[in-house]
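Below you'll find the structure, written out as structure tokens, and then a few comments.
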């Protein structure tokens, strides 16, 4: 058993990066991510980590430096949040298109305007189609373990796709909790040193991310899609292998919490899943058959596993912590599309909650579950998008 | 991996469009309208044409330079730079 | 599960105190959660921080609305903030003040404990930083943390002679409460 | 530097550039001096389009393409990764145009130079955005005609002077900054050689502005390539409070 620490999510990620033996870290400060890179700087300065820290002058440069450092064959990490992520957006596309396995931590924070620093998922949703894998965590412990798993999957020679580990701002990033530190030997067994077949080498010159005309560009994009699709299985495998070596795993790409016989199932991502599990247990104790499907891997979207989890439900609720303006929550659209593809069609309700740091309480979730149970029983319900905790509905 | 200028299947394309360098596959020589012609007698081997040629198509030799036409686009810089007027631009064909 | 809410001002070390309580509980083998009320406030503004302590892993991640214990770093806060809001039955409010418990009346009933943490801190630390001092009172008046682990957590937080001074301050507050009880 | 001593080896040839492209001349000369042990970064632009567009892989050193604003950032990443792998003998070269250097890329360049990273940077200054068809940049000189300089009724010429990039870079207190032109190849290559040699423990970056006109430049005072206005300005390391 590893050392038991009392850490916040940011520090947990930094420990994960250290254990993964990242070689180049380039990052720019932004609340609420800053403590990740502060801690990594400290690790480097006191000799616990053998890495180069690039003191960049912007997130755009951070992502560019990560991209090229990865081209040169180094294991690379960066962290950002919100506006910083949006500033990186251009180079995120370069990184994924050039198939460089950069790992990034994103402390999910809402987007301005109105000017804000608090939690929601608008930032990562806005970069959803940048070709990055995206994985969401619910605790500091999961943040640490998942960061290490990220390197494993991203660096797989068949995948070579960058990945973003998303931890919720403040609720995870700034909350101290118990984190068990894995042994370095276990992580070394799990994660071999990074070897990139087409790394920059003066003896075998290559042009990375060469220009491609319309006659081939589409094929390159198709290759990229094939690779990211393959990653779904690799995530399950990596999680299972991590479980064997370290003793903790997280149910693969979708965590099925009490869904087997559930009438009402709620689909969540991130820290909300943690509170929801508490609510599920309370309702189960009162005899209500409810369950929780926690989506860990958001891109590539785990369609098969999700439908397997949701197939028995009589009513499904999806909580989105972001908007897709002009339509419904983006996660809701994805879940519904997955269900449609598999001919599963129970009533489904979209709840928009916790935007810009609005607290989502156990009581809120309890109400949602009771509404879903009603809908499941009657087969009827309000199909409109519902805002949870909105102060004035008009 | 080797360089495949005319890919015929997905497997011929490398991940991330990372291609081996040093493969100029288009013979830009056929872009020429005028071609440089060297008068070896006049050449003083000062190498100005050699250093100015954008395509690196002029070869350094013992006594005087030699023009290769594979990638020469006929820009005429060599003729313009030559202090001893040893290179003349002649119409192709 | 015990839930604690700390009322302080930016710069008084409320968040650090929440972390120390949690750290002490973790040393004891328990589970804990400590977090600030995620504000953008700067020095001087009223701020909240929270600690949850439990024998089992803690999953609820919303803010604390129904605390068992409320700690108030600064008497002046009482005029602007209802520190008793949502407090559980048989809850406790610990206030840094020179006054007596019976001088206070709150909207919601609670046991009031007072400590002159400012004086103790000035004696022990030479500065009116009350966050560790008041934890001595918390430790003495409740059973949420044990003194030995609390001292360890404080030493770890501050280290060196500053750690020792802080331990002395919290011991003084601890003794005052025990002596007075 | 004698031309006879410059290597025969061609690291860049057979590009798809316009016949007589000055930028390719500048790059070819530079690579002759820097040699094979070099990694190059090119942003989106002419240079990348003519040399790294599949299947025309005309560069024979490792080449990393990047987006327009971040040539120097890309250089930083390579420098860090090569350093951590103990390959510090490799020269990292960034090449960008005047727009990619003095306009959109100046933040990245200023950052990289300020960090004191060890690389060679060449700004290929053709005094306008030529890949996109001749729009003005901050390096467009006073009086030059571009497609985006409306100054009044039917007037299309630049009414602001050229930004002095070399002095901006020198103000970062870097050990070497120079301006040169391909019209004087020996001096130009000598500058590149000096830049390459400032290396090692001193951690010294360098900036070279090679003025080389684009053949498509529409300019009020259109200049013959050979007679390009030539300024050679070498700035040695300045004391902290020094002035140029």
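Residue numbers (the numbering used here), protein chains in the order written: chain Y, 132 to 525; chain S, -10 to 82; chain P, 5 to 185; chain H, 22 to 265. Heads up, the beta-carbon is just placed ideally off N, CA and C, and yes, glycines get one too.
Chain S contact residues for residue i, given Cβ-Cβ distances below 9 Å
i                      : result
residue 98 of chain H  : Simply none; closest approach about 15 Å.
residue 338 of chain Y : 6, 7, 8, 9, 10
residue 497 of chain Y : Under the 9 Å cutoff, chain S gives no residues; its nearest Cβ is about 48 Å from residue 497 of chain Y.
For residue j and residue i, believed in contact at Cβ under 8 Å, the rounded distance
i                      : j                      : result
residue 394 of chain Y : residue 507 of chain Y : 5 Å
residue 32 of chain H  : residue 52 of chain H  : 4 Å
residue 100 of chain P : residue 119 of chain P : 6 Å
residue 36 of chain S  : residue 351 of chain Y : Wrong, their Cβ atoms sit about 42 Å apart, outside the cutoff.
residue 339 of chain Y : residue 238 of chain Y : Actually they are not in contact, since the Cβ atoms of residue 339 of chain Y and residue 238 of chain Y sit about 29 Å apart, beyond 8 Å.
residue 119 of chain H : residue 138 of chain H : Incorrect: roughly 22 Å between the Cβ atoms, too far for contact.
residue 213 of chain Y : residue 254 of chain Y : 5 Å
residue 78 of chain P  : residue 13 of chain P  : 6 Å
residue 274 of chain Y : residue 296 of chain Y : 7 Å
According to DSSP, residues forming a beta bridge with residue i
i                      : result
residue 94 of chain P  : Paired residues: none, contrary to the question.
residue 128 of chain P : BP columns for residue 128 of chain P are empty, so no partner.
residue 367 of chain Y : BP columns for residue 367 of chain Y are empty, so no partner.
residue 517 of chain Y : Y:482
residue 176 of chain H : H:173
residue 33 of chain H  : H:80
residue 152 of chain Y : DSSP output for residue 152 of chain Y lists no bridge partner at all.
residue 405 of chain Y : Looking at the DSSP assignment, residue 405 of chain Y forms no beta bridge with any residue, so it has no partner.
residue 53 of chain P  : P:10, P:40
residue 463 of chain Y : None; residue 463 of chain Y has no bridge partner.
residue 64 of chain H  : H:87
residue 55 of chain S  : S:48
residue 414 of chain Y : According to DSSP, residue 414 of chain Y bridges with nothing at all.
residue 61 of chain P  : DSSP lists no partner for residue 61 of chain P.
Cut-off 6 Å between Cβ atoms - residues of its own chain near residue i, not counting five sequence neighbours on either side
i                      : result
residue 233 of chain Y : 197, 201, 207, 226, 293
residue 222 of chain H : Residue confidence for residue 222 of chain H is low, a pLDDT of 40 falling below 50, so the modelled location carries little weight; the figure read from the coordinates is stated next. There are no such residues.
residue 66 of chain S  : 41
residue 505 of chain Y : none
residue 240 of chain H : Summary for residue 240 of chain H: the model assigns pLDDT 40, below 50, so the residue's position carries little reliability; its value from the coordinates is reported in the next sentence. Answer for residue 240 of chain H: 165, listed in chain order.
residue 436 of chain Y : 384, 385
residue 161 of chain P : 24
residue 224 of chain H : Residue confidence for residue 224 of chain H is low, a pLDDT of 47 falling below 50, so the modelled location carries little weight; the figure read from the coordinates is stated next. The residues are 137, 139.
Where residue i meets chain H, residues with beta-carbon distance less than 7 Å
i                      : result
residue 211 of chain Y : Residues of chain H passing the Cβ test: none, with the nearest at roughly 14 Å.
residue -6 of chain S  : 76
Own chain residues within Cβ distance below 7 Å of residue i, not counting five before or after
i                      : result
residue 223 of chain Y : 194, 258, 261, 263
residue 146 of chain P : 73, 96
residue 211 of chain H : 22
residue 131 of chain P : 125
residue 307 of chain Y : 137, 138, 139
residue 60 of chain P  : 35
Listed by chain order, chain S residues near residue i by CB distance under 8 Å
i                      : result
residue 229 of chain Y : 5, 6, 7
residue 251 of chain Y : Going along chain S, no residue has its Cβ under 8 Å from residue 251 of chain Y, so there is no contact; the nearest lies around 33 Å.
residue 343 of chain Y : 6
residue 106 of chain H : Within chain S, no residue comes near residue 106 of chain H; the closest Cβ sits about 18 Å away, beyond 8 Å.
Residue i: contacting residues in chain S (beta-carbon distance under 7 Å)
i                      : result
residue 392 of chain Y : Simply none; closest approach about 44 Å.
residue 49 of chain H  : 43, 45
Closer than 8 Å at the beta carbon, the chain Y residues around residue i
i                     : result
residue 40 of chain P : 301, 305
residue 91 of chain H : 191, 192, 195, 222
9 Å Cβ cut-off: residues of chain Y touching residue i
i                      : result
residue 136 of chain H : 185, 186, 187, 188
Proximal chain Y residues relative to residue i, where beta-carbon distance stays under 7 Å
i                     : result
residue 33 of chain H : Near residue 33 of chain H there are no residues of chain Y at all, since even the closest Cβ is about 11 Å away, more than 7 Å.
residue 82 of chain H : 333, 336
Residues near residue i by beta carbon distance below 8 Å, same chain, minus five either side
i                      : result
residue 451 of chain Y : 252, 459, 460, 461, 462, 463, 481, 482, 483, 484
residue 315 of chain Y : 150
residue 285 of chain Y : 232, 233, 234, 264, 291, 292, 293, 294
residue 104 of chain P : 118
residue 132 of chain H : 93, 94, 97
Interface partners of residue i on chain H, CB under 9 Å
i                      : result
residue 468 of chain Y : Per Cβ cutoff of 9 Å: no residues; residue 468 of chain Y is ~32 Å from chain H at best.
Cross-chain neighbours of residue i in chain H, by beta carbon under 8 Å
i                      : result
residue 202 of chain Y : 85, 98, 99, 102
residue 36 of chain S  : 24, 25
Mind pulling the alpha helix (DSSP H) runs of 4 or more residues that sit fully within the stretch 207 to 255 of chain Y? 213 to 228
Using Cβ-Cβ distances below 8 Å, what residues of the stretch 58 to 69 of chain S are close to chain C? Of the protein chains in this structure, namely Y, S, P and H, none is chain C.
Give, in chain order, every unbroken run of the beta strand (DSSP E) that is at least 3 residues long and sits entirely within the stretch 305 to 382 of chain Y. Fully enclosed beta strand (DSSP E) runs of 3 or longer: 307 to 312, 337 to 339.
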